[in-house]
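**Student:**
Residue numbers (the numbering used here): 43 to 218.
Pasting the structure below:
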């Protein structure tokens, strides 16, 4: 009987540790995101890469951090909004000047040909500064319904249940 309680206690402690670890990592990610948005560091925007057009340099599921620049050069990897307002990250393959307008011809590293449309400078969101491999999968999962349930609801339920059991145990000891 006693060893069974010890097993339950050890399992509960391990589960509690895992839950707090998950919550801690989640909080760190939230703080990281808020610090980036606060302007504390140079203005960076983050995006989760959704397609393989830039593989192998940027993989699906990576997070990219971008920053607006005053000018861009050939071979820079930039994030821009296309004519359909989709966010795209491709490499600049050519720069053209038309009067006072600057236009970029872009191409995904994994694509065989350049993109069909030119990208005006004003549509460029910024240049890729840093790539965080595969973390985007966790971020996307955390935003899903299942992710919210597993990363927020379940741990919160376990913590609340543990606290209620502790209160119940302490109340029953006081009655005795």
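Where a beta carbon is used, it is the ideal one built from N, C-alpha and C, also for glycine. What you are looking at is a predicted structure, and each value in this text was computed from that prediction instead of being measured.
Quick check on the DSSP output: what are the complete alpha helix (DSSP H) runs of length 4 or more inside the stretch 144-199, in order along the chain?
**Tutor:** Runs found: 177-185, 187-190.
**Student:** Between residue 116 and the rest of its own chain, which residues show a CB-CB distance below 8 Å, the 5 nearest in sequence each way excluded?
**Tutor:** Here the set comprises 134, 135, 136, 137.
**Student:** Determine the extent of the beta strand (DSSP E) in which residue 116 is found, giving its start and end residues.
**Tutor:** Taken as a continuous stretch (DSSP letters only), residue 116 belongs to no beta strand (DSSP E), as it is neither H nor E.
**Student:** Which residue from 170, 113, 153, 171 puts its Cα closest to that of residue 143?
**Tutor:** Checked all of 170, 113, 153, 171; the closest Cα to residue 143 is 113.
**Student:** Rounded to the nearest angstrom, what separates residue 189 and residue 58 at their Cα positions?
**Tutor:** Taking the straight line joining both Cα atoms gives about 18 Å.
**Student:** Would you mind reading off the limits of the beta strand (DSSP E) that contains residue 125?
**Tutor:** Note, residue 125: premise wrong, no beta strand (DSSP E); not H, not E.
**Student:** With 16 as the cutoff for other CB atoms within 10 Å, does residue 96 come out buried or exposed?
**Tutor:** Buried, by the Cβ-count rule.
**Student:** With DSSP as the reference, identify every bridge partner of residue 201, one or two as the case may be.
**Tutor:** Residue 201 is not bridged to any residue.
**Student:** Under 8 Å by Cβ, that's how I've got residue 109 and residue 171 pegged, so tell me the actual separation to the nearest angstrom.
**Tutor:** Right, the Cβ-Cβ distance comes to about 5 Å (below 8 Å), so this counts as a contact.
**Student:** Going by DSSP, name the residue or residues bridged to residue 133.
**Tutor:** For residue 133, which the question treats as bridged, DSSP gives the partners 119, 149.
**Student:** Roughly how many angstroms lie between the CA atoms of residue 5 and residue 179, to the nearest whole one?
**Tutor:** Beyond the ends of the chain as shown, which are 43 and 218, falls residue 5; an answer cannot be given.
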